[in-house]
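Residue numbers (my numbering): 2 to 251.
Every residue gets a Cβ at the ideal spot worked out from N, C-alpha and C, and that includes glycine.
Structure, as C-alpha cells:
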Amino acid sequence: MERLRVAVIGMGTMGLSHALVYKHLAETELVGMVETDDRRRREAEQQFGAPCFASVDELLSEAHPQAASVCLPDGLHVEPSVALAAAGVHLLVEKPLATTLEGCDAIIAAAKSANVKLMTGFTLRFDPRYWLLHESVRGGQVGQVVYMYARRNNVLASPRRLGGRVGLPFFLQVHDIDAMRWIGGVEVKRVFAFSARKVLTDLGVDDVVVSSLQFHDGSIGCVESNWILPDSLPAGRDFQLEVVGTTGKG
Ligand SMILES: NC(=O)c1ccc[n+]([C@@H]2O[C@H](COP(=O)([O-])OP(=O)(O)OC[C@H]3O[C@@H](n4cnc5c(N)ncnc54)[C@H](O)[C@@H]3O)[C@@H](O)[C@H]2O)c1
C-alpha cells in the first residue's frame, strides 16, 4: 500500500499528538515537520526520526508532503495554510480555522482553487459519544430540536499554559458551537453572551463565558465554558451536551 506523505506544522502540544498518530498509522508516512523553536525542532527530529524544518518553504522544497496538519497558535493559521494549499497539499487545520472571517475565507478560497481537501480539527465529530448523539438526533429520535445545552469547563492549568494568548470562545466554545451546528443541522442566526473576570485578571482573559444562541429554525442553545476549575479535578475537564426535542431528549 502506498502511504500518504504527511507533515505537521508547529510541534507544540497538538503538533506532537498529530505527529505521533501519523508516525503509527499504517496509511501515513510522517515526512517532515515545521517548528521555529530550535530546541523543539531538535527534540521532534529525535522523537519522530523525520526532518523538522524552520519554515514551510523548506518543508515544501525538501519533503514534498501530500497532506499536512497545521497545529500553530490560533492567530498564525492563515499564511502557512494558504501556502500549503497553493502547493497542492491537503489540509487538516486545528480549530479555530482562523481568528477572523477574512482569514477563514482566505484558507477556504486557497483550498478550493487548488482543489485540495480542507478540514478543521473539530475532534467532537469523532468522539463516539457525540457521534451517537448526532446519529440519534439526525435520525429523528428526539423529533425536532427545540433546545441544546453544552458545558465545557477546564482546570486552571489550561489558561495558565496558554498565558492569555487566546480566550474561551476560540479555545473551548468553538467545539460546542460546531457540535450544535452539526447535530442540529442548522446555522446560528444570533448570539448573545455574558462573561465574568475574577480569577484570571493577570492574563486579561475571561474566567467564564455563557453564550445564548438562536438558530435559523427557531431552536436555541446555551454554551457554558469556564477554565477556572481547581487543578486537583481528576479528569481535568467537565463537559456535557444535551439535546431536547419535540418528542424526546438525547
Ligand atoms: N482540537 C483540539 O481539541 C485542540 C486542543 C488544543 C489546542 N488546539 C489547537 O491547536 C493549535 C495549537 O495549539 P497548541 O496548544 O498545540 O499550541 P502550542 O503553543 O503548544 O504549540 C504551537 C507550536 O507552534 C510553534 N510555532 C509558533 N509559530 C510558528 C511558526 N511560524 N512556524 C512554525 N512553528 C511555529 C511554537 O513554537 C509551538 O511549538 C491551536 O490552534 C489550538 O487552538 C486544538
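Option nearest VAL35 by Cα separation, candidates TRP183, ALA88 and ASP58: Taking only the C-alpha atoms, the option nearest VAL35 is ASP58.
Close-in-space but distant-in-sequence residues of the same chain around PRO97 (CB under 7 Å, 5 per side omitted): So the list reads ASP75, PHE171 and VAL175, once near-sequence residues are dropped.
Own chain residues within Cβ distance below 8 Å of VAL71, not counting five before or after: Here the set comprises ILE10, GLY11, HIS78, PRO81, SER82, LEU85, LEU92, LEU93, VAL94 and GLU95.
Cβ neighbour criterion (16 or more within 10 Å) applied to SER62: SER62 comes out exposed.
Residue environment, THR37, which counts as buried when at least 16 other CB atoms sit within 10 Å: THR37 counts as exposed, since fewer than 16 other C-beta atoms from the protein chains shown sit within 10 angstroms of its C-beta.
Cutoff 6 Å; reference ILE24; Cβ partners in own chain excluding five residues on either side: It is worth fixing the name first, because residue 24 is Lys in this sequence and not Ile. Correct list, in chain order: LEU31 and PHE49.
Buried versus exposed, by CB contacts within 10 Å (16 or more), ALA111: Its Cβ being crowded by 16 or more others within 10 Å, ALA111 is buried.
Those residues which DSSP pairs with THR162 across a bridge: It is Arg, not Thr, that sits at residue 162 in the sequence shown. Paired residue(s): none; ARG162 is not in a bridge.
Local Cβ density within 10 Å of LEU102, reported as buried at 16 or more and exposed below that: Classification of LEU102: exposed, given that the 10 Å Cβ count is below 16.
Simplified DSSP state of ASP58, which is helix, strand or coil: ASP58 falls in the helix class under three-state DSSP.
Spatially closest choice to LYS113 from ALA88, TRP132, LEU133 and LEU125, by CA coordinates: Distances from the CA of LYS113 to each of ALA88, TRP132, LEU133 and LEU125 were compared; the closest alpha carbon is that of ALA88.
heavy atom of ligand 1 below 7 Å from LYS302 C-beta: With the chain covering only 2 through 251, there is no way to say anything about residue 302.
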